[in-house]
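Peer 1:
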Amino acid sequence: MSSLLALVAATLVLVSIPGPNVALIIANSLRFGLRTGVVTALGTTAGVAMQLAVIVLGMAAVIEFAADLLGLIKWAGVAYLAVLGIRTWREPASDLTRMKPAPAVFWPGFMLAVANPKTLLFNAAFIPQFIASEGSSVADVVIIGAVFLSVLLLGDVVWASFAHSARRLLVRYGRLRNRLTATCFTAAAIGLALARR
């Protein structure tokens, strides 16, 4: 039980430090609202879950084999985020009350999380410490993974809520909102580009 509490505390610290995933969640929340931010958070959490599955299954050889593919996916993600940043920076101010529903954001969030080698390596070093302290039964591994992902998702939803609250303040300042959103997209692109295996 004490190791689960330590896992929750460590994960809360982790989620409080914004990285590319959080930057994308904030950007989508500022641009399209809370619901879109939450869907983006679900996508990034699913991507981290995929990374955890790879780690737990001990697929180090597969990771090495797929390193080039992950590199291509990563750079495609960098380009996608950079284009979104540039496009959003140039957009005229829009009326948020008449904003159309957001485009699909789950899969871009998923791909961003999966393609980030920094989180893969961090999780590969971080999660096994808690598995070893709890034991190695399948139930223990599932519980630890579920706790980690739940806290991660909760933290990301808090980031989305924070951005949505700021969005309300920025309704009258559309150009500033576009600049903040573009900065978050660009920060996510830079964070992903700088992530190394």
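With positions in the sequence shown counted from 1, the corresponding number in my numbering is that position plus 4.
Cβ coordinates follow ideal geometry from the N, Cα and C atoms, glycine included.
Specify, as a first and last residue, the run of the alpha helix (DSSP H) that G167 falls within.
Peer 2: A small fix is needed here, since residue 167 is Ala in this sequence, not Gly. V142 to L173 is the extent of the alpha helix (DSSP H) around A167.
Peer 1: In three-state terms, what does DSSP make of I29?
Peer 2: Note: I29 maps to helix in three-state DSSP.
Peer 1: Count the other CB atoms within 10 Å of the CB of W163; is the residue buried (16 or more) or exposed (fewer)?
Peer 2: buried
Peer 1: CA-CA distance, F152 and V42?
Peer 2: 17 Å
Peer 1: Give me the Cα-Cα distance between V58 and L180, rounded to the nearest whole angstrom.
Peer 2: 41 Å
Peer 1: Along the chain, where does the alpha helix (DSSP H) that runs through S7 open and close?
Peer 2: S6 to V19
Peer 1: By the three-class DSSP mapping on this structure, what secondary structure does G23 have?
Peer 2: When DSSP states are grouped into helix, strand and coil, G23 belongs to the coil group.
Peer 1: Between S7 and F134, how many whole angstroms is the CB-CB distance? I'm expecting something under 8 Å.
Peer 2: Beta-carbon to beta-carbon, S7 and F134 are separated by about 6 Å, close enough to satisfy the 8 Å threshold.
Peer 1: Roughly how many angstroms lie between the CA atoms of G195 and P132, to the nearest whole one?
Peer 2: When only Cα atoms are considered, G195 and P132 end up about 25 Å apart.
Peer 1: Quick check on L9: buried or exposed, where buried means 16 or more other Cβ atoms within 10 Å of its Cβ?
Peer 2: exposed
Peer 1: How would you call L88, buried or exposed, if buried means at least 16 neighbouring beta carbons within 10 angstroms?
Peer 2: buried
Peer 1: Roughly how far, in whole angstroms, is the beta-carbon of I29 from the beta-carbon of T44, given that I think they are within contact range, below 8 Å?
Peer 2: 5 Å
Peer 1: What's the C-alpha gap between C2 and V17?
Peer 2: With the chain running from 5 to 201 in the structure shown, residue 2 is simply not present.
Peer 1: Note down, in chain order, each residue of its chain lying with its Cβ closer than 6 Å to the Cβ of G159, except the 5 sequence neighbours on either side.
Peer 2: V19
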